[in-house]
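*Asks:* Please see the structure below; I have some questions.
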Amino acid sequence: MAHGPLCKVAFLPNGPTAAVRAGTSLLDAARRAGVPVRTRCGGVAGCLMCKVRIEPETAGGLNRPTAPEERKLGPLLDEGMRLSCQARVRGDVALTVPEDPLKAAIRRRLLEQQEEDLW
Ligand code: FES
Numbered sequence: 001m002a003h004g005p006l007c008k009v010a011f012l013p014n015g016p017t018a019a020v021r022a023g024t025s026l027l028d029a030a031r032r033a034g035v036p037v038r039t040r041c042g043g044v045a046g047c048l049m050c051k052v053r054i055e056p057e058t059a060g061g062l063n064r065p066t067a068p069e070e071r072k073l074g075p076l077l078d079e080g081m082r083l084s085c086q087a088r089v090r091g092d093v094a095l096t097v098p099e100d101p102l103k104a105a106i107r108r109r110l111l112e113q114q115e116e117d118l119w
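Right under this line is the structure:
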């Protein structure tokens, strides 16, 4: 199926929107859009680093969670998390790539420092 319909993948809150063929994984869509998603296992549901949060009203734009996702994510699936290497688009979808935990910690620390400097 070389010419499936195009699906829109929107990276929130202000990232790009990629137009990809149905069947493309979110990981590939992110790569194509230039959005960094961390991975270590090469896309085989092994590292769980590629988690993304799907906007609930667009969850139908993806395949059903795969067996490895169900096993590995468990209750996180109910919170809208998917493994981007396993989730494949079949309609329009909007999602957020969680911030790298290390970067988030650094950013928090910088903010604290700025607040301290105000005193
Ligand atoms: S890339 Fe490793 S779990 Fe998806």
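Numbered according to the UniProt record's numbering, the sequence shown spans residues 1 to 119.
Ideal Cβ placement from N, Cα and C applies to all residues, glycine included.
Quick caveat: nothing in here was measured; it's all calculated off a predicted structure.
Once you ignore the five residues that flank residue 90 on each side, which residues in its own chain have a CB closer than 8 Å to its CB?
*Replies:* Taken in chain order, the residues that qualify are 7, 22, 23, 61, 62, 63.
*Asks:* Between the region 71 to 80 and the region 98 to 109, do at least 3 Cβ pairs fall closer than 8 Å?
*Replies:* No: the two stretches stay apart, fewer than three of their Cβ pairs being nearer than 8 Å.
*Asks:* Is residue 42 buried or exposed, if buried means 16 or more other CB atoms sit within 10 Å of its CB?
*Replies:* By the neighbour-count rule (16 or more Cβ atoms within 10 Å), residue 42 is not buried but exposed.
*Asks:* For a cutoff of 8 Å on Cβ pairs, would you count residue 112 as touching chain D?
*Replies:* No chain D is present in this structure, which holds just one protein chain.
*Asks:* Let's test the definition: count the other Cβ atoms within 10 Å of the Cβ of residue 121 and tell me whether it reaches 16, buried, or not, exposed.
*Replies:* Since the first and last residues shown for the chain are 1 and 119, residue 121 lies out of range.
*Asks:* So does residue 17 have its beta carbon nearer than 7 Å to some heavy atom of the ligand FES?
*Replies:* Flag unset: Cβ of residue 17 not near the ligand FES.
*Asks:* Pick helix, strand or coil for residue 5, following the three-state DSSP scheme.
*Replies:* The answer is coil: DSSP assigns residue 5 none of H, G, I, E or B.
*Asks:* Could I get the ranges of all uninterrupted beta strand (DSSP E) runs contained in the region 5 to 41, with 3 residues as the minimum, in chain order?
*Replies:* Listed in chain order, they are 6 to 12, 17 to 21.
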